[in-house]
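Under full-length UniProt numbering, the first residue of the sequence shown is numbered 1, with each subsequent residue one higher. Each residue gets a CB set at the ideal place from its N, CA and C atoms; glycine is no exception.
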Amino acid sequence: MTEGTGGWPDPLDQAFNRQVAGLVRLGYPELAGMSPADFEALCEPLRTVAHAAVPGPFRPATRSWMPFVLVVSGELVRAEEIVPLLTLAGRADTGTVDRNHGEEGLAPYRPLPELNVPHAGVYLLTDVERGEEFRGIRPADALPPILERGRSPLTIHEGIAVVTHFPEALEKNNCFMLSGSRRGDRRVPAMWISGRAPKLGWCWEGNPHTWLGTASAATRHAAR
């Protein structure tokens, strides 16, 4: 761990440690068939990546923006296995996958090929926004301006990672589409609140919702 000004622990390192520890506490190593030590070792190279990819001075996350998010991909864990680990801030009720995805569940969804999602068990998202400015805008209409800004819509696993590390990002009237994952039809997955818990559902790409924005990130980075 590096030290910040005055000899105190570097705030980026503290944020990175918190995310790794949270994944271990939730049981991600076991789901991936790994020991906690091996899982931590897999994540560790991304610490250096985060220091290079996140410009200083380090700014802590808010409800609508995160400096970086550690993503555990589908190469290690299935989305259906980790949605039930989600909770809202201050709540104990666990996440669910909407049954309206159909008999195949989340299996048909794939990241859009143009996103160049890393082929890695874990990777880093930077400059993550939940995208509330796109509330009330059809997902099909929100995507072009996101791409024009050089940003990238989030995938299902990335949206799960956001709520895992920052449950306060999901709140009433501020939920978000995950337009980076599609299944070859007009369905767009989304993360919202059902009752007192997160739910991974979907909406039609042509339907606007006043409570659903479109989440995005600036970059994705795998360890070298």
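- Non-local C-beta neighbours of E75 in its own chain, meaning closer than 8 Å and more than five positions away in sequence, comprise H119, A120, G121, ordered along the chain.
- In this structure S152 touches G180 by the C-beta definition: roughly 7 Å separates them, less than 8 Å.
- For S216, same chain residues with a beta-carbon under 7 Å away, outside a window of 5 residues either side, are E129, G131, I146, R151, S152, P153, L154 in chain order.
- For T164, the enclosing alpha helix (DSSP H) starts and ends at 156-165.
- The beta carbon of L42 sits closer than 8 Å to those of M34, G121, V122, all from its chain and outside the five residues before and after it, given in chain order.
- The beta strand (DSSP E) runs of length 3 or more contained entirely in the segment 182-212 are, from start to end of the chain, 187-194, 197-204.
- Secondary structure at E75: coil, using DSSP grouped into helix, strand and coil.
- Contact annotation: the segment 36-51 does not touch the segment 78-92, with fewer than three C-beta pairs closer than 8 Å.
- C-alpha of I160 to C-alpha of L86: approximately 8 Å in a straight line.
- When the beta-carbon positions are compared, L143 and L70 stay at least 9 Å from each other.
- Three or more beta-carbon pairs drawn from the segment 58-72 and the segment 165-178 are found closer than 8 Å, and the two stretches are therefore classed as touching.
- About 7 Å separates the beta carbons of A197 and R91, which is inside the 8 Å limit, making them a contact pair.
- Look at N174 here: in three-state DSSP terms it is strand.
- The Cβ atoms of P55 and A15 lie no closer than 9 Å to each other.
- In the three-state scheme derived from DSSP, where H, G and I count as helix and E and B as strand, R149 is classed as coil.
- Taking a contact as a CB-CB distance under 8 Å, the pair L200 and D98 counts as one, their CB atoms being some 6 Å apart.
- Going by C-alpha positions, H209 is about 5 Å away from G136.
- Per the coordinates, the alpha-carbon of L31 lies some 30 Å from the alpha-carbon of L212.
- When DSSP states are grouped into helix, strand and coil, P60 belongs to the coil group.
- Residue burial annotation: E104 is exposed, with fewer than 16 other C-beta atoms found within 10 angstroms of its C-beta.
- Of all alpha-carbon atoms in D141, A89, E148, T94, the one lying nearest the alpha-carbon of M177 is that of D141.
- Residue range 45-53 is occupied by the alpha helix (DSSP H) that includes H51.
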